[in-house]
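There are 2 protein chains.
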Amino acid sequence: MIPRHIPDACVERLSLYVRELAHLEEQRVGFVSSRHLAQHLGFTDAQVRRDLSYFGQFGTSGRGYEVSRLRTTLRDILGINGRVWNVALVGVGNLGSALLAYQGFRQRGLLFRVAVEANPRIIGRTIEGLTVSPAKQLGALARTHHIQIGIIAVPAEVAQRVCDQLVAGGVRAIVNFAPARVEAPPRVRVRNVDVAIELEMMAFYLSRSNGAAPPPAQGVEQER
Amino acid sequence: MIPRHIPDACVERLSLYVRELAHLEEQRVGFVSSRHLAQHLGFTDAQVRRDLSYFGQFGTSGRGYEVSRLRTTLRDILGINGRVWNVALVGVGNLGSALLAYQGFRQRGLLFRVAVEANPRIIGRTIEGLTVSPAKQLGALARTHHIQIGIIAVPAEVAQRVCDQLVAGGVRAIVNFAPARVEAPPRVRVRNVDVAIELEMMAFYLSRSNGAAPPPAQGVEQER
DNA sequence: CACTGTGAATGCATTCACAGCG
DNA sequence: CGCTGTGAATGCATTCACAGTG
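Chains as they are written, first to last, in the numbering used here: chain A, 5 to 228; chain B, 5 to 228.
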């Protein structure tokens, strides 16, 4: 059940499949075809079949895929079945709080064990059942809690420093939400995610879809 | 200055170039080579040159690119130069607040004109200089403020409904952060962004990088 | 029949490699 | 020289199209 290499893009879709299958299971749907799955998620049926085929053969000709079995299988493949990942959150601002509050992680075995902050106003607070620790303790806490995944949700200026501390604390994967690239040694997997970019891409597409200037809003005031 | 088609992946990098060029400009760097730029951002030099070449020729052989000129040019291309986009935020929870607070948008001419919420506790509050309106008013507000871009930061269950209201309100692009896919007519550009997926991908990569089970944390307690 | 699983074909994106230029 | 700009080559990802199957 372990082929050599899986396209990155496919891995991204894997959790979407799992999510959709969970919905179908709730609705007591027994079987689902690649076409059906694809329509719900906005892909093509061929795409779905290809993705699944990387991992084996789970379908039945003429019937499709058994929902609950496929779901379990994909959860196994994703590494979130009957298993737990220890996650540390660095930066309990708005974005960090949003992540802490998202219940989807817990359902997928991604458990926040540690949350740290630099702001003394926030240290000591308990959010979602987790008490916020001082930023200085990050390295030590990461070690004692056997943190595997670190999330960076701090201002850009300190992102790299935080990253280094996470690496020193032994984490093996880092997701960085700060608008600045961070680097780590190759044994640590890093993913830089920039939510602002999506908005800027929209500006690009809009400004070329109609060449003309848009309605000038009410009085192009600049700054706040 | 308007070629036919630009790779999506290139557009994504465009704002990263702009950001890096802004840094360089602050540091009074006059010229930068594709190599230099690439190293800072984690791409290859060929990639940078290729990306820029889609839009024209901005470099000088032997010297590289003039930082401030390239920055201006790219901002023009991105559609964020001397121009303003009106943005509406739907959902002023933690994620929504994080987006409101991010100063990068304002610097790029992406201005929040409207913020709406369903939660009556939050309606009427002023956040980042913007007063939160009731969700019911979304359509009307979008129209009167000539909103071009809508951001969805609400629970998955209501995401599609919000999307429909934004469309009815005349927006032309939507960025959806809810963990559920939303659809709109083809004239409206939709981008579904799922921050949770990044974490789940990490679980996948980690679980296959070492086949073994991880340290069992301290007592695999489930749930909070 | 309705559907899967997959070679083969196509379409994107990245990288190579080098001619040409300041 | 050092560096750009770009054809040509390579490498991924998606889609086509269909033989095979319960």
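For glycine and all other residues, C-beta sits at the position ideal for the given N, C-alpha and C. Nothing here was measured: the structure is a model prediction, and the numbers come from that model.
Residue interval of the alpha helix (DSSP H) (run including Thr135/B): Start at 1 with the first residue of the second sequence, and residue 135/B comes out as number 131. Element bounds for Thr135/B: not the alpha helix (DSSP H) but the beta strand (DSSP E), Leu134 to Pro138.
First through last residue of the alpha helix (DSSP H) which encompasses Ile201/B: Taking the first residue of the second sequence as 1, we reach residue 201/B at position 197. Looking at the DSSP string, the run of the alpha helix (DSSP H) that includes Ile201/B is Val199 to Ser213.
Distance between Arg125/A and Ala188/B (C-alpha atoms, nearest Å): The residue you call residue 188/B lines up with position 184 of the second sequence. The residue you call residue 125/A lines up with position 121 of the first sequence. Computed Cα separation, rounded: 42 Å.
Per-residue contacts from Leu99/B into chain A (C-beta, under 8 Å): Counting from one through the second sequence, the residue named residue 99/B turns up at place 95. Near Leu99/B (Cβ distances below 8 Å), the residues of chain A are Asn98, Leu99 and Ala102.
Beta-carbon gap between Val186/A and Ala163/A smaller than 7 Å: Sequence index remark: in the first sequence, residue 186/A carries index 182 (1-based). Sequence index remark: in the first sequence, residue 163/A carries index 159 (1-based). For Val186/A and Ala163/A, yes; Cβs fall inside 7 Å.
Residues of the region 176-207 of chain A with Cβ closer than 7 Å to any Cβ of chain B, in chain order: Arg176, Ala177, Val179, Pro183, Arg185, Arg193, Arg195, Val197, Val199, Ala200, Ile201, Glu202, Leu203, Glu204, Met205, Met206 and Ala207
Status (buried if at least 16 other CB within 10 Å, exposed otherwise) for Pro159/B: Numbered from its first residue, the second sequence carries residue 159/B at position 155. With fewer than 16 other CB atoms across the displayed protein chains lying within 10 angstroms of its CB, Pro159/B is exposed.
Cβ-based neighbour list, Arg117/B, same chain, cut-off 7 Å, excluding 5 preceding and 5 following: Mapped onto the second sequence, residue 117/B falls at position 113. So the qualifying residues of the chain are Asn90, Val91, Ala92, His149 and Ile151.
Interface residues of chain A facing Ser19/B [CB-CB closer than 7 Å]: Here residue 19/B refers to the residue found at position 15 of the second sequence. What Ser19/B touches in chain A: Ile201 and Glu204.
Entirely enclosed alpha helix (DSSP H) segments - the region 146-172 of chain B, minimum 4 residues: 160-172
Unbroken stretches of the alpha helix (DSSP H), 4 residues or longer, contained in the region 48-112 of chain B: 49-57, 71-82, 98-105 and 107-111
7 Å Cβ cutoff, Gly223/B in contact with chain A: Start at 1 with the first residue of the second sequence, and residue 223/B comes out as number 219. Residue placement at Gly223/B is poorly supported in this model, since its pLDDT is 29, which falls under 50; the coordinates are not used for a value here.
Whole-angstrom distance between Thr135/A and Glu121/A, CA atom to CA atom: Sequence index remark: in the first sequence, residue 121/A carries index 117 (1-based). Sequence index remark: in the first sequence, residue 135/A carries index 131 (1-based). Cα to Cα, the separation comes out at about 10 Å.
Closer than 7 Å at the beta carbon, the chain B residues around Phe109/A: Counted from its first residue, the first sequence places residue 109/A at position 105. Within chain B, the residues near Phe109/A are Ala200 and Leu203.
Limits of the unbroken beta strand (DSSP E) element including Val2/A: Residue 2/A lies beyond the range of chain A shown here (5 to 228); nothing can be said about it.
Nearest-angstrom beta carbon gap, Asp198/B and Pro183/B [assumed within contact, 8 Å]: On the second sequence, residue 183/B is found 179 positions in, with the first residue counted as 1. On the second sequence, residue 198/B is found 194 positions in, with the first residue counted as 1. Indeed, because the Cβ distance is near 6 Å, the residues count as touching under 8 Å.
Any chain B beta carbon closer than 7 Å to Ile156/A: Your numbering for residue 156/A matches position 152 in the first sequence. With 7 Å as the cut-off, Ile156/A does not count as an interface residue toward chain B.
Spatial neighbours of Asp55/B in its chain, beta-carbon cut-off 8 Å, leaving aside the 5 residues before and after: For the purposes of this step, residue 55/B is taken as residue 51 along the second sequence, with counting starting at 1. Answer for Asp55/B: Cys14, Arg17, Leu18 and Tyr21, listed in chain order.
Element boundaries [beta strand (DSSP E), containing Glu121/B]: Here residue 121/B is taken as the residue at index 117 of the second sequence, counted from 1. Start and end: Leu114 to Glu121.
Cβ neighbours of Gly68/A in the same chain (closer than 8 Å, five flanking residues each side left out): To locate residue 68/A, count along the first sequence from 1; it is residue 64. For Gly68/A, where only same-chain residues beyond five positions count, the Cβ hits under 8 Å are Phe35, Val36, Ser37, Ser38 and His40.
Val33/B - DSSP class collapsed to helix/strand/coil: Indexing the second sequence from 1 puts residue 33/B at position 29. Correct three-state label for Val33/B: coil.
Contact list for the region 42-58 of chain A against chain B, Cβ threshold 7 Å: Leu45 and Gly46
CB contact flag (Arg193/B, Ala177/B, <7 Å): By one-based count along the second sequence, residue 193/B stands at place 189. By one-based count along the second sequence, residue 177/B stands at place 173. It is a contact, given that the beta carbons lie within the stated cut-off.
Inter-residue CB distance, Ala157/A and Gly97/A (contact presumed, cutoff 8 Å): The sequence position of residue 157/A within the first sequence is 153, counting from 1. The sequence position of residue 97/A within the first sequence is 93, counting from 1. That belief holds up - the Cβ atoms of Ala157/A and Gly97/A are roughly 6 Å apart, short of 8 Å.
Beta carbon proximity, Leu114/B to chain A, threshold 7 Å: Your numbering for residue 114/B matches position 110 in the second sequence. Judged by the 7 Å Cβ criterion, Leu114/B is in contact with chain A.
Strand pairing of Ile131/A, partner residues [DSSP]: Here the question's residue 131/A lines up with position 127 in the first sequence. Answer is Leu134/A, bridged to Ile131/A.
Close beta carbons around Ala42/A, own chain, < 7 Å, minus the five adjacent residues each side: Taking the first residue of the first sequence as 1, we reach residue 42/A at position 38. Hits under 7 Å: Thr48, Asp49, Gln51 and Val52.
Nearest neighbour of Met205/B, chosen from Leu45/A, Val179/A, Gln31/A and Thr130/A [CA to CA]: As a position in the second sequence, residue 205/B is number 201, starting the count at 1. Out of Leu45/A, Val179/A, Gln31/A and Thr130/A, Val179/A has the C-alpha closest to the C-alpha of Met205/B.
Assumed close pair Glu30/B, Arg75/B - CB separation to whole angstroms, cut-off 8 Å: The residue you call residue 30/B lines up with position 26 of the second sequence. The residue you call residue 75/B lines up with position 71 of the second sequence. Wrong, their Cβ atoms sit about 11 Å apart, outside the cutoff.
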